[in-house]
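Quick notes on the structure that follows.
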Ligand code: FES
Ligand code: FES
């Protein structure tokens, strides 16, 4: 085994480790400090026979390896894939491995976060080093026992071998001796050559899957505490609403109701505590029913005029008026447009959409003796702690936060509003455990929506069919200085850096509505608008989008992103485009009228994805027959079983955004949609066959929760154009029958 | 009001208002939390249970309307041959992402196999279209049903 070049990366120096946390997040020194086994067993109520080699790894006498999974599991498969990385370097057999979920403790585990497809990028090397360090400790213990040098020892599937003498033993036999071995320097610990991986790259079934198919209690919603009451939290019908007065007597007398508690928040209805009235009852349904008995007066003046129709009119006016600010100017786009052989322009827009994870927001909490204990499905537990302190003045040191499995995240649970509400309610009834559950209607109306947006594009094409100038005026939401959350632009968006004359500009209008990151934030909408318009450009230039993209990408090279963002590798982009054209047999358009293939490419969250959609149109009905996906997320797919699921899920998510009729509309700051009848999700008949082809570039692996989503929407709209000659420039897609 | 419910072969006496949907009796009274709340309005199927072998949306079914029907939930489905085959198929190809919808999916699939031992794709689509999977695991749900039905199923199509 030889250290491979990757080990040059993040964890470089022992001194950095001593500072506990690495720059850029990552890994705690504590992770390598062995704890006395007795202390650990007492804390966890487990037999003391398990020897703790580090915060992440312990080995029992029978050879069972327990690996701690540090990040929140929201369906992205991290509770399986990160332990796989540890187990591979530990060189044990996957069947020996048990996985436990860590509570929030960043001093001990490093960053604990689920969002932005960041974990694989961040944790790939530290998780390998963690496994390798534990293996080195086991080897050292075996070497001591046999009085040989550790360099004479090899390992395989959880056993240590001394070939010279023909001796071998299982990890369990030296586990407790290994726990007393000083942990090695992470930066020096030898890592496997990737050709030696035995677990990474295998199809591994999810850690919790067997429990899920039996209906075992593992979700936040399933938390049950002795004497627990169920709560609902009634908030204002519109964003920014303030509680004026509440008559709670009738609700208090409703069946099963134990407490009705008006709560005045901290005025920060975005990331703090919104005003509301909590109802606590013996059963959740009784608490929810009692809402009808509440008589609450709200001040809704802040939301007046915040209606979708007004937003649309504002966008029209902004586009007519011209941009408020330039975001990126390369060359002289206006001059080139004026003299271009061909000049085309089009407007694109998309609506606000909700996350709608199938498990509604919920959180259990108990406040006693000044201490708060929380069970939460959250993507950002650490931010939850900070928000608790800000909104309720509860110090992080007084909080214990247990991470439950989440029934979907999609970015919704990056925000901890429900967690703060649960804590505020629990504090009002000290000693009584409370589970706050939002109804589906609460969830739909109180989201941090993917914001709507408008684009006005122009492009100039030369005599020879080259794209010479490209402009986009983006109309979005913000206070005039800063854009609203997840409402910003991406100035590195292709064709930026690939076309000499380019102008990206922006206008903003205010909104009272909470906005936020939704799976592939920014990219999910920008890809639709820009790749659909580039398809128009390709037609105008007498070519097709893949050819136009390949000519723009040019020679393989790195294009720097403004502001030090992740550079864009045109070679990796070319490779996935070439691959998808090959697997989809792009040159061969399908037989039959009003049936065609469409293409799109996008780069987001470090992943390169090119996709082809084959669709047909009959009247106003659109059928997606097949989707081909070519993706490059680096040298290894840690768990193809989970990875393929992520890709298919992202594709279906995108198709639903385009085809199912998803749009949240507002009237005076109140969302008009409330449940799955008026905000439809994908159902089984929508799901086409999805073929996946991986391009493995020699780069460290990166995340997969998001980058497969953005290209599928423009690939679909471009297929619809190819099939019908009709451009789709607005989401959700609504075709009028021909 | 008091109601006698036979759930997974055990008789329970519950004291709850007759209007309370079965879902909340299962979850908050009997502690059977495998059956999930997703929408409360019959749209998503997360709350699917069997009543005398047929699927019902437990979020819509008032406990007073259950009568003497036998209730089966995800916690018990593995004791039936079809349920056990479905659970095994689900694990063979690791159907789930977040997993929240899967109890309802398996309950619907089980009722389908009871009606139609080797369902066509169209039958599968029709029988399962009341169950939403927000994560979009539909391809694998279809495959797992085919596997459980003993139909020939191609390995996950990956280049
Ligand atoms: S919770 Fe019953 S159908 Fe959705
Ligand atoms: S697996 Fe998440 S909703 Fe189906």
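Protein chains in written order, with our numbering: chain A, 1 to 738; chain B, 1001 to 1159.
Glycine included, every Cβ here is placed at the ideal spot set by N, Cα and C.
| Asked | Found |
| --- | --- |
| Exposure of residue 44 of chain A, with buried meaning 16 or more beta-carbon neighbours within 10 Å | Low confidence applies to residue 44 of chain A: its pLDDT is 48, below 50, so where it sits in the model is not reliable, and the reading given next is rough at best. Exposed. |
| Close-in-space but distant-in-sequence residues of the same chain around residue 1019 of chain B (CB under 6 Å, 5 per side omitted) | 1062 |
| Where residue 717 of chain A sits in the DSSP three-state scheme | helix |
| Classification of residue 967 of chain B by the beta-carbon crowding that lies within 10 angstroms, buried from 16 upward | With chain B covering 1001 to 1159 only, the question about residue 967 of chain B has no answer from this structure. |
| Coarse secondary structure for residue 700 of chain A, derived from DSSP in three states | coil |
| Residue of A:125, A:661, A:619 minimising C-alpha distance to residue 84 of chain A | A:125 |
| Residue 681 of chain A: contacting residues in chain B (beta-carbon distance under 7 Å) | 1132, 1134 |
| Alpha-carbon to alpha-carbon, residue 1139 of chain B and residue 1153 of chain B | 12 Å |
| Proximal residues of chain A, C-beta to C-beta of residue 1063 of chain B below 7 Å | Those do not exist, as residue 1063 of chain B stays about 10 Å from chain A at its closest Cβ, beyond 7 Å. |
| Near-chain B residues of the region 223–238 of chain A - C-beta to any C-beta below 8 Å | 224, 230 |
| Backbone CA spacing between residue 408 of chain A and residue 437 of chain A [nearest angstrom] | 15 Å |
| Range covered by the beta strand (DSSP E) that runs through residue 363 of chain A | 362–368 |
| Alpha-carbon to alpha-carbon, residue 291 of chain A and residue 1120 of chain B | 45 Å |
| Beta strand (DSSP E) runs wholly inside the region 264–329 of chain A, at least 3 long, in chain order | 276–281, 295–299 |
| Chain-ordered neighbours of residue 1003 of chain B on chain A, where CB pairs are closer than 8 Å | Chain A residues near residue 1003 of chain B: none, gap ~14 Å exceeds 8 Å. |
| Neighbour-count burial assignment, residue 91 of chain A, 16 or more Cβ in a 10 Å radius | buried |
| Rounded separation between residue 457 of chain A and residue 55 of chain A - CA only | 53 Å |
| is_contact[residue 1017 of chain B, chain A] using C-beta, thresh 9 Å | yes |
| Reference residue 1072 of chain B, options B:1039, B:1034, B:1136, closest by Cα | B:1034 |
| Proximal residues of chain B, C-beta to C-beta of residue 285 of chain A below 7 Å | 1020, 1021, 1024 |
| Where residue 509 of chain A falls: helix, strand or coil (DSSP) | strand |
| Residue 1031 of chain B CB to nearest heavy atom of ligand 1 below 8 Å | no |
| Cβ of residue 646 of chain A within 9 Å of any chain B Cβ | yes |
| Interface residues of the region 186–207 of chain A facing chain B [CB-CB below 7 Å] | 205, 206 |
| Residue 143 of chain A burial status per 10 Å Cβ neighbour count (16 or more: buried) | buried |
| First and last residue of the uninterrupted beta strand (DSSP E) at residue 175 of chain A | From DSSP, residue 175 of chain A is part of no beta strand (DSSP E) but of the alpha helix (DSSP H) over 171–179. |
| Delimiting residues of the beta strand (DSSP E) encompassing residue 601 of chain A | 595–604 |
| heavy atom of ligand 1 below 8 Å from residue 1046 of chain B C-beta | yes |
| DSSP three-state assignment for residue 239 of chain A, whether helix, strand or coil | coil |
| As assigned by DSSP and simplified to three states, the class of residue 31 of chain A | Because residue 31 of chain A carries a pLDDT of 44, less than 50, the predicted location of this residue cannot be relied on, and the following value inherits that uncertainty. Residue state, collapsed to three classes: helix. |
| Residue 741 of chain A versus A:113, A:244, A:105, A:361, residue with shortest Cα-Cα distance | The question about residue 741 of chain A has no answer, for chain A in this structure spans 1 to 738. |
| Residue 596 of chain A: contacting residues in chain B (beta-carbon distance under 7 Å) | Those within 7 Å of residue 596 of chain A in chain B number zero; the least Cβ separation is about 22 Å. |
| Enclosing beta strand (DSSP E) for residue 414 of chain A [first to last residue] | Note, residue 414 of chain A: premise wrong, no beta strand (DSSP E); not H, not E. |
| Same chain, Cβ closer than 8 Å to residue 656 of chain A, five either side skipped, listed in chain order | 662, 680, 681, 682, 686 |
| Complete runs of the alpha helix (DSSP H) confined to the region 392–464 of chain A [at least 4 residues] | 417–428, 440–445 |
| Residue 1134 of chain B beta carbon near ligand 1 (any heavy atom closer than 8 Å) | no |
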